[in-house]
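Right, one structure below, let's go through it.
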Amino acid sequence: MSTGLRRFTEPEPPPPRAARECCELCSEPIGAEHGHVVNLGTRALMCACRSCHLLFTVEGAAMGRFVAVPDRYLYAPSFVLPTADWEELQIPVRMAFFFRNSDLGRTVAFYPSPGGATESELPLETWDRVMAANPALADVLPDVEALLVDRGDDGFVCHLVPIDSCYELVGLVRTRWKGFGGGREVWEAIDGFFGDLRGRSRVVGGDTGAEDTAGGTGPGAGGTTRHGARDGARGGAGGGAGGTGGGHD
């Protein structure tokens, strides 16, 4: 039988299987829900199995080169950020995340954009003033946790989140943004993202009637995140300036 006719008489081959994700430290297969580890040498966000993630929750493991991303989510209803201070921070969009880069010895700021995570030059004196006004959020861990600020219709909202959550948001914006204004789909997804954050966060620094929820409980908790967290870190977030990013999820 000719090759041409055989195409119509033989069953179609099964579709190729999707590549299975593996831990980037030990190559163990991992599921869509998995933790991340920051490589402080390359500023890369690496997918990790449970065992490797737990290994790097210990301070000084691997001579401090790798640090596990924790699973702590906090919401501060009493967060104070005057509009004048926000404008001084020179953030051109409504969302930004701030974290301390231990290599640079200072806090850096990034915001989501259709091109990925974009760094904003951060006036240090302004940020110091913001932090002094919000002591409940002062213990954010360097490199692996961030303060994620969203400017909504009712003012500014701030969550303390694992750094991979920030890059999940970056990936959401990068992959769903359409045209000049983004489109309805991306803004609905952004609202859903912040709604999910609020639901998993523990309230700190004063309550405005919201219940204390069972979010992450502390810096050493084992972190897991959804599959798309690293999509926003493509190419390394912030280039060489101090972003924590990687190439894929």
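Residue 135 in the UniProt record's numbering sits at position 135 of the sequence shown, with consecutive numbering throughout. We treat Cβ as the ideally placed atom computed from N, Cα and C, and that holds for glycine. Keep in mind it's a predicted model, so treat the numbers as computed, not measured.
Beta-carbon proximity of residue i to residue j, cut-off 8 angstroms
| i | j | result |
| --- | --- | --- |
| residue 311 | Tyr111 | Residue 311 falls outside the range modelled here, since the chain spans only 1 to 249, and no answer is possible. |
| Leu172 | Ala146 | no |
| Asp143 | Phe99 | yes |
| Phe66 | Phe156 | no |
| Glu88 | Pro123 | yes |
| Ala76 | Cys158 | yes |
| Ala109 | Ser120 | yes |
| Pro92 | Arg174 | no |
| Leu205 | Ala96 | The amino acid occupying residue 205 in the given sequence is Gly; Leu does not appear at that position. Cβ atoms of Gly205 and Ala96: not closer than 8 angstroms. |
| Arg50 | Arg94 | no |
| Val58 | Ala48 | no |
Counted within 10 angstroms of its Cβ, other Cβ atoms place residue i as buried (16 or more) or exposed
| i | result |
| --- | --- |
| Asp154 | exposed |
| Thr118 | buried |
| Glu24 | buried |
| Ser27 | exposed |
| Asp71 | buried |
| Arg43 | buried |
| Val69 | buried |
| Ala138 | exposed |
| Asp128 | exposed |
| Gly183 | exposed |
| Met56 | According to the sequence provided, residue 56 is Phe. The question's Met does not apply to it. Phe56 comes out buried. |
| Leu45 | buried |
| Leu104 | exposed |
| Gly60 | exposed |
| Gly181 | exposed |
| Gly116 | buried |
| Asp164 | buried |
| Thr3 | The predicted position of Thr3 is uncertain, since its pLDDT is 49 and thus under 50; a value taken from the coordinates is nonetheless stated next. With fewer than 16 Cβ atoms within 10 Å of its Cβ, Thr3 is classed as exposed. |
| Arg20 | exposed |
Integer Cβ distance of residue i from residue j, believed to fall under 8 angstroms
| i | j | result |
| --- | --- | --- |
| Leu40 | Ser102 | 7 angstroms |
| Cys166 | Leu148 | 6 angstroms |
| Gly64 | His53 | Contact flag wrong, Cβ pair sits at about 16 angstroms. |
| residue 328 | Leu81 | Limits of the chain in this structure are 1 at one end and 249 at the other, which puts residue 328 out of reach. |
| Val186 | Arg198 | At roughly 19 angstroms, the Cβ-Cβ gap does not stay under 8 angstroms, so Val186 and Arg198 are not in contact. |
is_contact[residue i, chain C] using C-beta, thresh 8 angstroms
| i | result |
| --- | --- |
| Leu40 | Included in the structure is just one protein chain, with no chain C present. |
Going along the chain, which unbroken runs of the alpha helix (DSSP H) with 4 or more residues stay wholly within the region 22–92? DSSP runs (the alpha helix (DSSP H)) wholly in the region 22–92: 50–55, 83–88.
Beta strand (DSSP E) segments (min. 3 residues) lying fully within the region 129–188: 145–152, 155–162
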